[in-house]
Structure formats: structure tokens, C-alpha cells
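Residue numbers (our numbering): 7 to 157. Working notes, beginning with the structure itself.
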């Protein structure tokens, strides 16, 4: 039996310390890996599954962004507006790329998966790290409004 190779290997370096965000990031990584698995099989008949998975990734990303934005508002994060704008831009770009891909007018499937990979890694390592660092810098982060979301 062949062992499946992941496109992104989840490890502890991705953990930011906010339980709900960490779980959602891991779910996003798993969804992108699923997309990669479908693509790796290179079976034309599986293309509907590929596009269903693309929709799943983008929908889940939207759900994840809503969670983050609620936490940002609860914590009075000053970078909220900028971070929210990045979220909106990502969703718009992901939708545009997937539409063009479906119509055969754009990049390859591999390029699309790479786009998703780059986004999720950058989002976790830079954007969300700034936010979670802010949360942990507040003196009452454990007893305040966010305590139940933290490790």
C-alpha cells in the first residue's frame, strides 16, 4: 500500500497557542493536502472532486477568517482593519483563480495548490503570529474575554 505524501506537513512550529485558531489552521492544512492528493492521482474523472475540494478550502478559509476577526474584535487588536482586508483580498483572489482555472483560462492545478500553500504558510507564520503575539502581550489575556480560546 502506498503511503500518501502530504504537500504541507503540520508540525508544532505552526502552533500559535490559541486553540481554536491552531485547530482551524491544521484543518486548512489538511484540506489543502486533500486537494494535493486528488491532484497527485492525476485522474481526469476526479476533476469534479478537485473543484469540490477547492470550494471546501475557500469556504473553510472564510469560516476561519470570521473566527479570527471575532477574536480580534474581542481583544481590541489594533491591526484588525488591516488583517480583515488581507482576508477579503485572499478570498477574492482564491475565487478569481479558481474560476479562471475551472474555465481553463489560467494557471495549472499545481500553481493553484501552490498559491494556497503559500498563503496558509504566510498567514500562519506572519499575519496570525502578529495577532497571537498581541493577545499574549496583554496582561490579563488568560482571565479576560479570550481565556477560553487559549491553550
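Beta carbons: idealized from backbone N, C-alpha and C, even for Gly.
Exposed or buried, what is residue i when buried is set at 16 or more other beta-carbons lying within 10 Å of its beta-carbon?
i, result
"residue 18", "exposed"
"residue 132", "exposed"
"residue 7", "Residue confidence is low: residue 7 scores 41 on pLDDT, short of 50, so the model does not pin down where it sits. Its coordinate-derived value is still stated next. Answer is exposed; the Cβ neighbour count stays below 16."
"residue 96", "buried"
"residue 98", "exposed"
"residue 80", "exposed"
Let me check understanding here. Comparing Cα to Cα, which of the options lies closest to residue i?
i, options, result
"residue 123", "21, 92, 26, 37", "37"
"residue 144", "73, 78, 43", "78"
"residue 47", "12, 87, 94", "12"
"residue 32", "126, 136, 76", "126"
"residue 43", "99, 85, 14", "14"
"residue 100", "68, 55, 130, 30", "68"
"residue 29", "94, 70, 63", "70"
"residue 24", "120, 73, 88", "73"
For my contact list, residue i and residue j are in at a C-beta cut-off of 8 Å; report their separation, rounded to the angstrom.
i, j, result
"residue 140", "residue 83", "6 Å"
"residue 116", "residue 45", "7 Å"
"residue 134", "residue 26", "Their Cβ separation, rounded to whole angstroms, is 12 Å, which puts residue 134 and residue 26 out of contact at 8 Å."
Residue i and residue j: beta carbons closer than 8 Å?
i, j, result
"residue 65", "residue 41", "no"
"residue 22", "residue 138", "yes"
"residue 75", "residue 90", "yes"
"residue 136", "residue 85", "yes"
Compute the minimum distance between the beta carbon of residue i and the heavy atoms of the ligand MG, and state whether it is under 7 Å.
i, result
"residue 81", "The ligand MG is not part of the structure shown, which contains no ligands of any sort."
Item to check | Length at least 4, wholly inside the stretch 14–52: the alpha helix (DSSP H) runs in chain order | outcome: As far as the stretch 14–52 is concerned, its whole alpha helix (DSSP H) runs of at least 4 residues are 25–47.
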